[in-house]
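Working notes, beginning with the structure itself.
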Amino acid sequence: MQSVEKEVEVNAPIREVYDQWTQFEDFPRFMPPVKSVTQIDDTHVHFNARFWGGFDQEWDAEITEQEPDKRISWRSTTGTRNAGTVRFYPVEGNRTRVRLTMAYDPEGVVENLGDKLGILSTQVQQAVEGFKHFIEGRGDATGAWRGQVHGSQAVGQAVGQAGDATRGTGLVAGQDPWEQQPGSTNAPAVTQRIN
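Start counting the sequence shown at 2; every next residue gets the next number (my numbering).
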């Protein structure tokens, strides 16, 4: 399992930043490889993406942990094994640090070559930078889901306009994301701060 971690400081308050990240169907607006996201229910999301080399991939993800203004964790349930956690930290001056950790098992020649070339690291960096520019450019979140998820069980409801109920979950370093508790990988993480 390969792992990468990137972070960025966003010029927006933590609640606004967190709320926007729960709007999974907006991911294609700031994550270049993601073509579409469909929210199935409070804890399940379907992704369609085009990766390096024109490689299309679809997968389902389950939100395993979510705590408002703190973290969202997920793991794939179909397709290439992947998992992740996004964490939110308040920063002086009403800013927010967003730390995205992702792990996956590359499959096949194209994914393994992309892994050796650092493609995942680049795509995760583009995701956090894209998110930063998206939320700072908007000035507010497109919606919010302020509920909690513990062990894939959701408690809560959407906040904002009707139909804005999208969601999130958590990856913890050193744990296997396919065990009972959400986790990351045994592989060392690559960390880079983006301002």
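Using N, Cα and C, we set each Cβ at its ideal position, and we do this for glycine too.
- prompt: Three or more C-beta pairs closer than 8 Å, one from the segment 90 to 98 and one from the segment 35 to 48: is that the case here?
  reply: Taking a contact to require three or more Cβ pairs closer than 8 Å, the segment 90 to 98 and the segment 35 to 48 do not qualify as touching.
task: Locate the beta strand (DSSP E) running through Arg-72, then write down its first and last residues.
output: Unbroken beta strand (DSSP E) run through Arg-72: 72 to 77.
query: When we look at the beta-carbon of Gly-152 and count the other beta-carbons within 10 Å, is it buried (16 or more) or exposed?
result: For Gly-152, the number of other beta carbons within 10 angstroms of its own is below 16, and it is reported as exposed.
- request: Indicate whether Glu-26 and Gln-3 have their beta-carbon atoms separated by less than 8 Å.
  value: No; because the gap between Cβ atoms is not below 8 Å, this pair is not in contact.
message: So, with DSSP's three-state summary, where would you put Phe-28?
response: Residue state for Phe-28 is assigned as helix, using DSSP reduced to three classes.
task: Would you decide whether Phe-56 is buried or exposed? Buried here means 16 or more other CB atoms lie within 10 Å of its CB.
output: Exposed.
query: What runs of the beta strand (DSSP E), each 3 residues or longer, lie entirely inside the segment 25 to 69?
result: Counting whole runs of 3 or more residues, the segment 25 to 69 contains the beta strand (DSSP E) stretches 35 to 42, 45 to 52, 56 to 68.
- prompt: How is Ala-104 classed by DSSP in three states: helix, strand or coil?
  reply: Residue state, collapsed to three classes: strand.
- prompt: From which residue to which residue does the alpha helix (DSSP H) around Glu-17 run?
  reply: DSSP places Glu-17 inside the alpha helix (DSSP H), whose first and last residues are 15 to 22.
query: For the beta strand (DSSP E) that contains Thr-86, what are its first and last residues?
result: Under the DSSP assignment, Thr-86 falls in the beta strand (DSSP E) whose first and last residues are 83 to 92.
task: Please classify Glu-59: is it buried, with 16 or more other beta-carbons within 10 angstroms of its beta-carbon, or exposed?
output: By the neighbour-count definition (other C-beta atoms within 10 Å, threshold 16), Glu-59 is an exposed residue.
message: Which of the three DSSP states is assigned to Lys-133 in this structure?
response: Three-state DSSP puts Lys-133 in a helix.
- request: State the DSSP-derived secondary structure class of Arg-147, mapped to helix, strand or coil.
  value: Secondary structure at Arg-147: coil, using DSSP grouped into helix, strand and coil.
task: Would you mind working out which of Gln-126, Pro-69, Arg-82 sits nearest Ile-15, comparing C-alpha positions?
output: Looking at the Cα atoms, Pro-69 is the closest of the given residues.
- prompt: Which stretch, first to last residue, makes up the beta strand (DSSP E) that contains Ala-155?
  reply: First-last of the beta strand (DSSP E) with Ala-155: 154 to 156.
task: From the DSSP output, read off the bridge partner residues of Gln-3.
output: Listed as beta-bridge partners of Gln-3 by DSSP are Tyr-105.
query: When the distance is taken between beta carbons, is Phe-135 closer than 8 Å to Arg-30?
result: Yes.
query: Who are the near neighbours of Lys-36 in its chain, counting only those whose CB is closer than 7 Å to its CB and skipping five residues on each side?
result: Within the same chain, and ignoring the five residues on either side of Lys-36 in sequence, the residues whose Cβ sits closer than 7 Å to its Cβ are Pro-29, Asn-49, Ala-50, Arg-51.
task: Return the chain-ordered list of same chain residues with a C-beta closer than 7 Å to the C-beta of Met-32, the five sequence neighbours on each side being excluded.
output: So the list reads Ala-128, Gly-131, once near-sequence residues are dropped.
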